[in-house]
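Here the structure comes first, spelled out in structure tokens, and everything after it is commentary.
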């Protein structure tokens, strides 16, 4: 745990020591990357800055005590790319192999293999007309 805290301080990357991560995992421009405790990441996965692989909630019992040992974080299968500032949440969320998650996507449901998920492209709302100066 101490090593995790040191790494977070030095890099801005927060990977819980309980996360299961496959070989050839790569974080490009890692500031702000968060990987939760029960997250499972396959091999050859690439994350960009600001990606969160997090939980939707932390379940509690009838007395309000936290229930441990439940999957709360997503599963990222092999050969997945997740671009900047994307957020993937929930223990039931599975991102299938060879999927691409675009920048700024907010995802709480699974994605089929070989899929690409993006948000709608920005729309120009107004453009100022300028007069030519002589």
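Residue numbers (this note's numbering): 573 to 706. Glycine included, each C-beta is placed from N, C-alpha and C at the ideal position.
Quick check: residue i and residue j, are their CB atoms within less than 9 angstroms of each other?
i	j	result
residue 628	residue 663	yes
residue 623	residue 604	yes
residue 685	residue 671	yes
residue 721	residue 626	With the chain represented from 573 up to 706, any question about residue 721 goes unanswered, as that position is not in the structure.
residue 613	residue 597	yes
Quick one: Cα of residue i to Cα of residue j, how far?
i	j	result
residue 587	residue 643	16 angstroms
residue 656	residue 703	38 angstroms
residue 648	residue 695	31 angstroms
residue 600	residue 653	11 angstroms
residue 583	residue 651	24 angstroms
residue 691	residue 645	22 angstroms
residue 578	residue 611	21 angstroms
residue 697	residue 581	40 angstroms
DSSP puts residue i in a beta bridge; with which residues?
i	result
residue 612	592 and 647
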